[in-house]
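Peer 1: Under UniProt numbering, the first residue of the sequence shown carries the number 1, and numbering increases by one thereafter.
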Amino acid sequence: MDRDDAPSCRGTGAPGWTTSNARAFSGSLAAQNLAPEHQPKPLQKWDRVYDYALYNDLGNPDLREDLARPVLGGSKEYPYPRRTRTSRPPSKVDPSSETRASLEEGIYIPCDERTGGVAAAPNLPKLDGHFGSLADVHGLFDSNAKPFPFPVPQVISANRTAWRTDEEFARQTLAGANPLSIELVTGLPLTSKLDRAVYGDQDSKITKEHIEKNLGNMTVAQAIEKDRLYVVDHHDWVMPYLKRINELPGDEEKGEISQRKSYATRTLFFLQDDSTLKPLAIELSSPHPKDERLGGTSTVYTPPDELKAGDAASDTFTAWDLAKAHAASNDACKNNYVLHWLRTHATMEPVVLAANRQMSVLHPIHKLLKPHFRNTLDTNSTARHIVIGSGDERQGGAFYRNMHEVNFFTGKYGMEMSSKAYASYNFTELAFPNELIKRGVARGDPKKAEELELLIKDYPYAVDGLEIWTAIKEWVTDYCAIYYADGDGAVAGDSELQAWWSEVRNVGHGDLRDAPWWPAMDSVDDLVETCSTIIWLGSAYHSAVSFGQYAYNGFVPNRPTITSGEMPADAKAAVTEAEFLGSITPKTETFGLMALTMNPPVKPGEPLMGERPDTEQWTSEQRAAKALLEFNSKLDAIAEAVKKRNADGALRNRNGPVEVPYTLLAPRADPTVPHVGGIPNSIAV
Numbered sequence: 001m002d003r004d005d006a007p008s009c010r011g012t013g014a015p016g017w018t019t020s021n022a023r024a025f026s027g028s029l030a031a032q033n034l035a036p037e038h039q040p041k042p043l044q045k046w047d048r049v050y051d052y053a054l055y056n057d058l059g060n061p062d063l064r065e066d067l068a069r070p071v072l073g074g075s076k077e078y079p080y081p082r083r084t085r086t087s088r089p090p091s092k093v094d095p096s097s098e099t100r101a102s103l104e105e106g107i108y109i110p111c112d113e114r115t116g117g118v119a120a121a122p123n124l125p126k127l128d129g130h131f132g133s134l135a136d137v138h139g140l141f142d143s144n145a146k147p148f149p150f151p152v153p154q155v156i157s158a159n160r161t162a163w164r165t166d167e168e169f170a171r172q173t174l175a176g177a178n179p180l181s182i183e184l185v186t187g188l189p190l191t192s193k194l195d196r197a198v199y200g201d202q203d204s205k206i207t208k209e210h211i212e213k214n215l216g217n218m219t220v221a222q223a224i225e226k227d228r229l230y231v232v233d234h235h236d237w238v239m240p241y242l243k244r245i246n247e248l249p250g251d252e253e254k255g256e257i258s259q260r261k262s263y264a265t266r267t268l269f270f271l272q273d274d275s276t277l278k279p280l281a282i283e284l285s286s287p288h289p290k291d292e293r294l295g296g297t298s299t300v301y302t303p304p305d306e307l308k309a310g311d312a313a314s315d316t317f318t319a320w321d322l323a324k325a326h327a328a329s330n331d332a333c334k335n336n337y338v339l340h341w342l343r344t345h346a347t348m349e350p351v352v353l354a355a356n357r358q359m360s361v362l363h364p365i366h367k368l369l370k371p372h373f374r375n376t377l378d379t380n381s382t383a384r385h386i387v388i389g390s391g392d393e394r395q396g397g398a399f400y401r402n403m404h405e406v407n408f409f410t411g412k413y414g415m416e417m418s419s420k421a422y423a424s425y426n427f428t429e430l431a432f433p434n435e436l437i438k439r440g441v442a443r444g445d446p447k448k449a450e451e452l453e454l455l456i457k458d459y460p461y462a463v464d465g466l467e468i469w470t471a472i473k474e475w476v477t478d479y480c481a482i483y484y485a486d487g488d489g490a491v492a493g494d495s496e497l498q499a500w501w502s503e504v505r506n507v508g509h510g511d512l513r514d515a516p517w518w519p520a521m522d523s524v525d526d527l528v529e530t531c532s533t534i535i536w537l538g539s540a541y542h543s544a545v546s547f548g549q550y551a552y553n554g555f556v557p558n559r560p561t562i563t564s565g566e567m568p569a570d571a572k573a574a575v576t577e578a579e580f581l582g583s584i585t586p587k588t589e590t591f592g593l594m595a596l597t598m599n600p601p602v603k604p605g606e607p608l609m610g611e612r613p614d615t616e617q618w619t620s621e622q623r624a625a626k627a628l629l630e631f632n633s634k635l636d637a638i639a640e641a642v643k644k645r646n647a648d649g650a651l652r653n654r655n656g657p658v659e660v661p662y663t664l665l666a667p668r669a670d671p672t673v674p675h676v677g678g679i680p681n682s683i684a685v
């Protein structure tokens, strides 16, 4: 039974209230009514109860012992945001965990949040082994491919071989599926923040001798002084779990999970005069084989001298190509679990819950943010149901392993690793100018985003993103000026607003409630910055880290999510095509990954930035309506500017060797350009 034929919502809450009731609504009453202390029965799909719970439903210990997973949230060991309460019975094996809903049943969310039926877990074929040739991989996109043809990923749609070039490998750090990890290098050696008492010496072993030969006429010191060295460093996120990941038993016979052999990676780049990046070195590190406390063991790979590294016209692979695959795999997994899932889906869910509990639907900030909450709880419940958990049983007894544990090298540890990343989460650093400045890729006053200096001039994500951030903040500033014209005192004295933000901090993000960075929410500036950041994360940021996955990950040789096999010690060592493919994502996992990411990121009819389905009813305040129109005009202008930049041949990072224009931050749909669907308002997929 879907939402349309379900019984009327039961319970109380801001969604669905009449105007007269909403006027009398108070934050304290909302908390009292929406969070009953005792729920006698599991919540049903027609209930409207917005409340919190720990992530205690990721495992399934009642089905199989190996499917148990730790509870995330509520402890120093595993801090995490809160999820929506579901009130299912506790596990018989582990009472601290909640039982899983059946695959056919679905997970409870408040009835007003469900926008469709229960998402089905895909039933994909299980195929043995790895691809034997690139032709086999390309065959997935043939019209007669079995079980069905997949859409051609953009990375090979215009040029089937350019993905192999070093220029394209580097460009994707600025305009690919994850443009958020590249950082300025301020000194060598690169250092680790891991506890030496636990992990020993984990500092980088990349030296000037490895890279100086590829700096042209510069020394390393000069390159650092001139802001020419950059790094993508996933070492500290991966290393604490690497031994356990590589010891995971393969289960190819059951088709559940394949054997993994991964490394913790650091990739160093040189910024050239034309604003393109050149990869200089890739460091692959493993825990010490005798004792992790003895530090890491590292091998540094550099582009082979006798070959044009990554030459797309060459049939020859080398260990350098394998090193790039390992670096891409680290990057894909970090993007999946931290930059995408954690920073948007998981951390925004408590913001949505608290808004529905503490603010009237007529409250101006509820009205401002409501479009950016659309589908978030529904999407997250689907993810917990079939994507980020361990495994479930279908009707008839067939076993289903959830998708991320199968399709990413982190296996059953991926969500744990996202918890470790959450320990250093800082909401204020995710305001876009702050995020760029923290990574060292921009300089200036974060309050004047339009004046920031980008150190990489042709950085599509940053260039487009700053224009969108500026438009968002101007819209929020204009809107808040209408309702908080009396200044800071009006913000501090708004009881519903204060109750909302207090609950976000102290309950929804309770594990970090004592962090010093939380905005006090006692000024108009705090309100504007906070709302702008929430809108940015739910719309443009989410688009940038989510909607490029199939374009680049869909062709697994370009961006594998699983690696296996020991690396050759010599970067010049020749590797056959079959050996290369045998070291990356196997066939079954390739099908799963592609099925997970191939759907159009923007569904037909999905409201885009600046659009409101309730355009005629959302406000009677003409100044607010006018401010929204101005916001839309700015977004229209940005869309045209993005199109113009993509047509500028001097900006080589806009399209790259693969000829894929950067459109992930194009705010408007463009029917004349494939894959340009605009930026949705919210985390709706």
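Even for Gly, the Cβ is constructed at its ideal location relative to N, Cα and C.
Nothing here was measured: the structure is a model prediction, and the numbers come from that model.
Could you name the residues of the same chain whose beta carbon sits closer than 6 Å to that of Gly554, not counting the 5 residues immediately before and after it, in chain order?
Peer 2: The answer, listed in chain order, is Pro153 and Met594.
Peer 1: Could you check whether the stretch 223-231 touches the stretch 241-252, counting it as contact only if at least three pairs of C-beta atoms, one from each stretch, sit closer than 8 Å?
Peer 2: In short, these stretches do not touch, since the Cβ pair count stays below three.
Peer 1: With DSSP as the reference, label Gln32 as helix, strand or coil.
Peer 2: A caution first: Gln32 carries a pLDDT of 31, below 50, which makes its placement in the model unreliable, though a value can still be read off. Here Gln32 sits in helix by DSSP.
Peer 1: Quick one: which unbroken beta strand (DSSP E) runs of 3-plus residues sit fully inside the UniProt region "Disordered" (286-307)? Chain order, please.
Peer 2: 296-301
Peer 1: Whose C-beta lies closer than 6 Å to the C-beta of Val93 among residues of the same chain, with five residues either side of it excluded?
Peer 2: Closer than 6 Å at Cβ, skipping near neighbours: Pro61 and Asp62.
Peer 1: Determine the direct distance from the alpha carbon of Glu659 to that of Val198, and round the result to whole angstroms.
Peer 2: So the alpha carbons of these two residues sit roughly 46 Å apart.
Peer 1: What do you reckon, are the CB atoms on Leu342 and Ser262 nearer than 9 Å?
Peer 2: Taking 9 Å as the Cβ cut-off, Leu342 and Ser262 do not qualify as a contacting pair.
Peer 1: In whole angstroms, what is the alpha-carbon distance linking Asn655 and Asn646?
Peer 2: 7 Å
Peer 1: Under a three-way DSSP split, which group does Asp464 fall into?
Peer 2: helix
Peer 1: Note down, one range per segment and in chain order, each beta strand (DSSP E) of at least 3 residues found wholly within the stretch 541-573.
Peer 2: none
Peer 1: What residue range is occupied by the uninterrupted alpha helix (DSSP H) comprising Val528?
Peer 2: Val524 to Trp536
Peer 1: Compute the Euclidean distance between the alpha carbons of Asp305 and Asn558, then round it to the nearest angstrom.
Peer 2: 22 Å
Peer 1: For the beta strand (DSSP E) that Arg401 lies in, which residues bound it at each end?
Peer 2: Phe399 to Arg401
Peer 1: Check the DSSP bridge columns for Phe432 and list the partner residues they point to.
Peer 2: None; Phe432 has no bridge partner.
Peer 1: CB Met609 to CB Ile679, shorter than 9 Å?
Peer 2: yes
Peer 1: Going by the beta-carbon positions, is the gap between Ser298 and Leu280 smaller than 9 Å?
Peer 2: no
Peer 1: Can you name, in chain order, every residue of its own chain whose Cβ lies under 6 Å from the Cβ of Ala490, other than the five neighbours on each side?
Peer 2: Short of 6 Å from the beta carbon of Ala490, and not among the five residues preceding or following it, lie these beta carbons of its own chain, in chain order: Tyr484.
Peer 1: Quick one: what's got a C-beta closer than 8 Å to Pro189's C-beta in the same chain, skipping five residues either side?
Peer 2: Asp203, Ser204, Lys205, Ile206 and Thr207, listed in sequence order.
Peer 1: Would DSSP call Val387 helix, strand or coil?
Peer 2: coil
Peer 1: Taking the alpha carbon of Val507 as the reference point, which residue from Gly59, Arg69 and Gly73 has its own alpha carbon closest?
Peer 2: Out of Gly59, Arg69 and Gly73, Gly73 has the C-alpha closest to the C-alpha of Val507.
Peer 1: Which residue wins for smallest C-alpha separation from Phe409, given the options Asn335, Thr576 and Lys643?
Peer 2: Residue Asn335 is the option with its Cα nearest to Phe409.
Peer 1: Considering only DSSP beta bridges, list what Gly139 is partnered with.
Peer 2: Looking at the DSSP assignment, Gly139 forms no beta bridge with any residue, so it has no partner.
Peer 1: With DSSP collapsed to three states, give me the class of Phe591.
Peer 2: helix
Peer 1: Could you give the residue range of the beta strand (DSSP E) that holds Val352?
Peer 2: Note, Val352: premise wrong, no beta strand (DSSP E); alpha helix (DSSP H) at Thr347 to Gln358.
Peer 1: Leaving out five residues on either side along the sequence, give the residues of the same chain with a beta carbon under 6 Å from the beta carbon of Leu194.
Peer 2: Gln202 and Asp236
Peer 1: Taking all protein chains shown into account, decide if Lys367 is buried (16 or more other Cβ within 10 angstroms of its Cβ) or exposed.
Peer 2: buried
Peer 1: May I have a chain-ordered list of the beta strand (DSSP E) segments no shorter than 3 residues that lie completely inside the stretch 165-222?
Peer 2: As far as the stretch 165-222 is concerned, its whole beta strand (DSSP E) runs of at least 3 residues are 182-184.
Peer 1: With a threshold of 16 other CB atoms inside 10 Å of the CB of Glu640, please say whether the residue is buried or exposed.
Peer 2: Looking at its Cβ environment, which holds fewer than 16 other Cβ atoms inside 10 Å, Glu640 is exposed.
Peer 1: Pick from Ile156, Lys45, Arg83 and Glu630: whose alpha carbon is nearest that of Glu105?
Peer 2: Lys45
Peer 1: Who are the near neighbours of Lys420 in its chain, counting only those whose CB is closer than 8 Å to its CB and skipping five residues on each side?
Peer 2: Trp237 and Pro240
Peer 1: Could you say if the stretch 81-95 and the stretch 341-355 meet the contact criterion of at least three C-beta pairs nearer than 8 Å?
Peer 2: yes
Peer 1: Who are the near neighbours of Gly296 in its chain, counting only those whose CB is closer than 6 Å to its CB and skipping five residues on each side?
Peer 2: Gln202 and Ser285
Peer 1: So, with DSSP's three-state summary, where would you put Lys278?
Peer 2: strand
Peer 1: In three-state terms, what does DSSP make of Leu665?
Peer 2: Leu665: coil per DSSP, three-state reduction.
Peer 1: Please state the DSSP three-state secondary structure of Pro604.
Peer 2: Coil at Pro604, not helix or strand.
Peer 1: With Val232 as the anchor, note down where its beta strand (DSSP E) starts and where it stops.
Peer 2: Leu229 to Asp233
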